[in-house]
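Visitor:
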Amino acid sequence: MNTLLKDFLVDTKDDWNYITPLDFYENFFMKKKEYFLIDLRDEESYKKMHIKGAKNIYWLSILDDKNLKRLPKNKHIFLICYVGHTSSQILVLLKLLGYDVTAIKYGYGISPVKGVPVAGWLDYGFPTEKTK
Numbered sequence: 000m001n002t003l004l005k006d007f008l009v010d011t012k013d014d015w016n017y018i019t020p021l022d023f024y025e026n027f028f029m030k031k032k033e034y035f036l037i038d039l040r041d042e043e044s045y046k047k048m049h050i051k052g053a054k055n056i057y058w059l060s061i062l063d064d065k066n067l068k069r070l071p072k073n074k075h076i077f078l079i080c081y082v083g084h085t086s087s088q089i090l091v092l093l094k095l096l097g098y099d100v101t102a103i104k105y106g107y108g109i110s111p112v113k114g115v116p117v118a119g120w121l122d123y124g125f126p127t128e129k130t131k
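To convert, note that position 19 of the sequence shown is 18 in numbering that gives the first Met the number 0; the numbers rise steadily by one, no gaps.
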């Protein structure tokens, strides 16, 4: 297992297997290239809105046999979730299983928790420092 994980790290691309929403939209979605898009959010969120053509496989059930059988080995797989964190974790699992996977950075850009904004350290104005 250790060798498999080391190989994964060595083989990781400079872009860390991420694509921005804009790059995905312009280079895949609009050009109608062959790909398989998985929306990892819960079913309720998926039903409210999702990208046309996306398949809903909730992240906690992605490794179920029935769901793994849905994943194509001959197409590039893209992952999207609320803000990108879940996609990043599932990306590693699927890469280790041999799938060609990329996560859409920042996901839909919406918080999975109602009333909790998506904001980082700097958005809150919290302090930082420089190293001398």
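Cβ coordinates follow ideal geometry from the N, Cα and C atoms, glycine included.
Predicted, not measured: the structure shown is a model, and the values here were computed from it.
Between Leu90 and Val82, which are expected to be in contact by the criterion C-beta below 8 Å, what is the C-beta distance as a whole number of angstroms?
Guide: With 8 Å as the limit, Leu90 and Val82 do not qualify as a contact, their Cβ atoms being about 14 Å apart.
Visitor: Of the choices Trp58, Tyr34, Lys31 and Glu33, whose alpha-carbon is the least far from that of Ser44?
Guide: Nearest option by C-alpha distance: Trp58.
Visitor: Return the residue from the list Leu93, Arg40 and Tyr123 that minimises the CA-CA distance to Pro111.
Guide: Checking every option, the nearest Cα to that of Pro111 belongs to Arg40.
Visitor: Which residues in the same chain as Ile37 place their Cβ atom closer than 6 Å to its Cβ, once the five residues preceding and following it in sequence are excluded?
Guide: Result list for Ile37: Lys54, Ile56 and Leu78, in chain order.
Visitor: Run the CB neighbour count on Gly106, radius 10 Å, all protein chains shown included, and call it buried at 16 or more, exposed below.
Guide: Counting Cβ neighbours within 10 Å, Gly106 comes out buried, since at least 16 surround it.
Visitor: State the DSSP-derived secondary structure class of Leu78, mapped to helix, strand or coil.
Guide: In this structure, Leu78 counts as strand in the three-state DSSP scheme.
Visitor: Apply the 10 Å Cβ neighbour rule to Thr85 and answer buried if 16 or more other Cβ atoms are within range, or exposed otherwise.
Guide: With 16 or more other Cβ atoms within 10 Å, it is buried.
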